[in-house]
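As structure tokens, the structure follows; a few thoughts come after it.
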Amino acid sequence: MSSFRFQAIKTASDRKPVHVEELDRKSIIFGSNVFGDKAMRQFLTSEAYKAVLAAADGVKIDRKIAEYIALGMKEWALSKGVTHYTHWFQPLTGTTAEKHDAFFETFPDGSDPVEKFGGSQLAQQEPDASSFPNGGIRNTFEARGYTAWDPTSPAFIFGTTLCIPTVFVSYTGEALDNKTPLLRALSAMDVAATDVAKYFDKNVKRVTATLGWEQEYFLVDIALANSRPDLMATGRTLLGHTASKGQQLEDHYFGSIPTRVLTYIRDLENECMLLGIPVKTRHNEVAPNQYELAPIFEESNLAVDHNSLLMDVMQKVAERHFFKVLFHEKPFKGINGSGKHNNWSLATDTGINLLTPGKTPMSNLQFLTFFVNTIKAVHDYEELVRASIASASNDHRLGANEAPPAIISIFIGEQLTRVLAELEGVTKGKLSPEEKTDLKLNVVGKLPDVLLDNTDRNRTSPFAFTGNKFEFRAVGSSANCAVSMTTLNTIVSKQLKDFKKEVDSLIETNDFKKDEAIFNVLREYIKQTKSILFEGDGYSEAWEQEAAKRGLSNHKTTPAALKAKISEKAIAVFGEMGVMNHVEVESRYEIELEDYIKKIQIEGRVLGDIARNHVIPTAIRYQNILIENVKGLKEIFGKDFEQIAKQQILIIKEISGHIEGINTKVEKMIDERKNANALTNTEEMANAYCDEVKPYFDEIRYHADKLELLVDNEIWTLTKYREMLFTK
Ligand code: ADP
Ligand code: MG
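Residue 781 is where the sequence shown starts when you use the working numbering, and the numbers rise one by one after that.
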């Protein structure tokens, strides 16, 4: 069996970079596999083209027009060698789903077959989707859900398939996917933010939330990955002693990208260009074999689709290069894990980023309005924000000894902290003309210069303001961005709505001027939300204590964190903003708990198997070798053997100790699993897996990793950390 490991190492070390065909310049090939503006203008009638554009503003497309759009889309796809089409959606598994149908049709009367694709196939499909998670929304007797075209995210071609982005909803109208609530949240944001933006510019008609994600990942040679059953089954290594050399020399971060990897990335970037995913940045990350890829930011719905698509494409392109992409938040113990930084901002249809300070005091007041309201929203809903990024795999970062902490706080930098302090001092009530002038000149008037040198970045902060956007850094690398972005946009839109009400009421009832009213409301917000602002080291013990004093939550595990999702407050805000009704909220809670349970259950099983089937037998083999050796020494040296064989005997005993450790701990873990499985309440079961089963993982691992250090390298079957992380 150890020969499998050595074969894998040999295969991996012998690999050469795969040839990647050079395509035309990026700006030329960009989006050529997307049914975007150019393709639409070429393949659609102008009426159909306008209908698709209008759909982005919520105008319904009528049946006849849908026929024309489908026809144009089919012609375009056929011209590119496409044979199949699929509705492409994001069920609550967190990944993407597709079911391909051929354009090919025959006729009952035997006439010649043709390629067909009509408006009804474009608009709606009914995948046999009864085994997607639904958290009790659909009764099995009517396990029907349908997918419906999302005209705001363009269709694209991958391979020979036309993929049509769709929502996935039940027949009773509840969202069964991640996209539907996101679209609703974005639309709530549009309404609320436009209303507030109008205080500053009457011409604003639309506000879109923008998202620029940064995707971290590991690349491991496929032969090496395949040689590790834990990596294949769970996405992470459950065992393995840390390599003597890890990331301590910091020689990987931003270092030159290894040739084989760079070839992969170039190939991937070509695919992204064709698919209209505007990838821009690539670099090595901190840990060995860890990389990052980031696009230019986009409208959030499109950005989320692009991230989901990218994760799929990354794995497919990796196959051509004999790599396995690891999206898990913590694939290897002892070195950095991966995250997905979600850069978020708000943009108006007049071309303004609402989180960028402007050139005039008024535009700066606009900036401060959106800035402070975002802080207020995160302050008021910090637990919900934490819940939006909870998962079994992200638990290895949040709350473990890894960045960022499980406590949600906001970093805004020194200068903005000072600006808020000044605003806090604004007189309550009406402002004197002198005070207004002073505010305009010295506080909001000064902002732009101040922010230019705001480059200090606190990498330990889960939610940081970085000059013209907030960066939500605690999102998991394997997560679907939709979940956290739905939450963020929901709570900020709710906050903006409340803000507008307060300001309007001051204007109407107290006869305040607009800016006076805004200053007054912002001042109160600044006072109320101080506890969420934190500039210091988020990993420190001191912060945990300080945060507890401030009343901030610190949920270190998924079952604890998820509870906030079904709090009265959460159900109320999702309901009020029209994002999810209580059934949709509760079903997601149920699904996420189940997902947690299954993940830990699988890890427990895999760990038990490997520990018993790989580690113990190998340890015994080595122990037998030692025993033979000791016997031989006894034969040769007689009574002197004890001194000569002393070390071997010690190792023999040590091995027995660790074997016993593994065996008894695996037994106990299995017992706890049985106890957990007997529970009927999902919440209790998740808690049992978290508190009773999972703690054995570290204990079992401890013994197995010790054995790895003792046992002859030649017979150790599991590919080691140094081999997975440093084989180039
Ligand atoms: P880093 O955080 O790694 O230092 P940058 O600050 O350059 O990198 O940008 C990180 C990401 O922020 C990029 O993916 C970029 O597209 C995104 N970004 C920049 N501006 C915005 C914005 N207004 N809205 C959303 N994302 C943005
Ligand atoms: Mg970043």
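C-beta: ideal position from N, C-alpha, C; glycine also. These numbers were taken from a predicted model, which means no experiment stands behind them.
By Cβ distance below 7 Å, which residues in the same chain neighbour residue i in space, the five residues on each side in sequence not counted?
i            : result
residue 1202 : 1223
residue 1035 : 1064
residue 1270 : 965, 968, 1353, 1354, 1357, 1359
residue 1307 : 1204
residue 1022 : 1113, 1114, 1501
residue 806  : 1053
residue 1168 : 1263, 1264, 1267
residue 816  : 934, 1056
residue 843  : 899
residue 856  : 815, 819, 823
residue 1382 : 1013, 1014
residue 862  : 937, 940, 941, 942
residue 1302 : 1148, 1149, 1152, 1203
residue 906  : 924, 926
residue 1328 : 1334
Rounding to the nearest angstrom, what Cα-Cα distance links residue i and residue j in this structure?
i            : j            : result
residue 896  : residue 976  : 47 Å
residue 1464 : residue 1406 : 47 Å
residue 1105 : residue 998  : 6 Å
residue 992  : residue 1162 : 22 Å
residue 1233 : residue 1083 : Low confidence applies to residue 1233: its pLDDT is 43, below 50, so where it sits in the model is not reliable enough to give any reading.
residue 1248 : residue 1330 : 28 Å
residue 1491 : residue 1393 : 15 Å
residue 920  : residue 872  : Legend: pLDDT at residue 920 = 46, less than 50; position of this residue unreliable, no value from coordinates given.
residue 929  : residue 941  : 16 Å
residue 1362 : residue 973  : 25 Å
residue 994  : residue 1403 : 48 Å
residue 1486 : residue 1089 : 41 Å
residue 1061 : residue 1193 : 25 Å
residue 1371 : residue 1226 : 49 Å
residue 925  : residue 1284 : 43 Å
residue 865  : residue 875  : 19 Å
residue 795  : residue 1067 : 22 Å
residue 932  : residue 839  : 11 Å
residue 1457 : residue 810  : 51 Å
residue 1254 : residue 1506 : 27 Å
residue 1186 : residue 1326 : 14 Å
residue 799  : residue 1108 : 28 Å
residue 1260 : residue 1087 : 8 Å
residue 1011 : residue 1117 : 15 Å
residue 1156 : residue 1305 : 6 Å
residue 789  : residue 1435 : 26 Å
residue 952  : residue 1369 : 19 Å
residue 1164 : residue 1333 : 10 Å
residue 1294 : residue 979  : 8 Å
residue 1135 : residue 802  : 39 Å
residue 1197 : residue 1310 : 10 Å
Can you name the residues that DSSP bridges to residue i?
i            : result
residue 1001 : 1103
residue 945  : 868
residue 1125 : 990
residue 925  : 950
residue 814  : 936
residue 1424 : According to DSSP, which records beta bridges pairwise, residue 1424 is partnered with nothing at all.
residue 904  : 928
residue 894  : 885
residue 723  : Residue 723 is absent from the structure shown; the chain starts at 781 and stops at 1508.
residue 1275 : Residue 1275 is not bridged to any residue.
residue 1120 : 995
Please work out which residues of its chain come closer than 6 Å, Cβ to Cβ, to residue i, disregarding the five sequence neighbours upstream and downstream, and give them in chain order.
i            : result
residue 869  : 877, 927, 946, 948, 957
residue 1373 : 1462, 1466
residue 1235 : Since pLDDT at residue 1235 reaches only 49, below the 50 mark, its modelled position is unreliable, and the value read off the structure follows with that caveat. Here the set comprises nothing.
residue 1297 : 1283, 1286, 1287
residue 1040 : 797
Near residue i, what residues of its chain come up, given a Cβ to Cβ distance below 8 Å and the 5 sequence neighbours on each side ignored?
i            : result
residue 1414 : 1421, 1425
residue 730  : Any question about residue 730 goes unanswered here, given that the chain covers just 781 to 1508.
residue 1047 : 798, 800, 1097, 1100, 1101
Tell me the start and end of each unbroken alpha helix (DSSP H) in the region 817 to 857 that is at least 4 residues and wholly inside, in chain order. 817 to 823, 826 to 835
My parser needs the alpha helix (DSSP H) runs of 4 or more residues fully inside the region 1008 to 1074; what are they? 1009 to 1014, 1039 to 1054
Residue ranges of each alpha helix (DSSP H) run of no fewer than 4 residues wholly in the region 1334 to 1399, ordered along the chain? 1338 to 1342, 1348 to 1356, 1362 to 1390
Counting only runs that start and end within the region 1431 to 1497, where is the beta strand (DSSP E) found for 3 or more residues in a row? none
Length at least 3, wholly inside the region 1173 to 1205: the beta strand (DSSP E) runs in chain order: none
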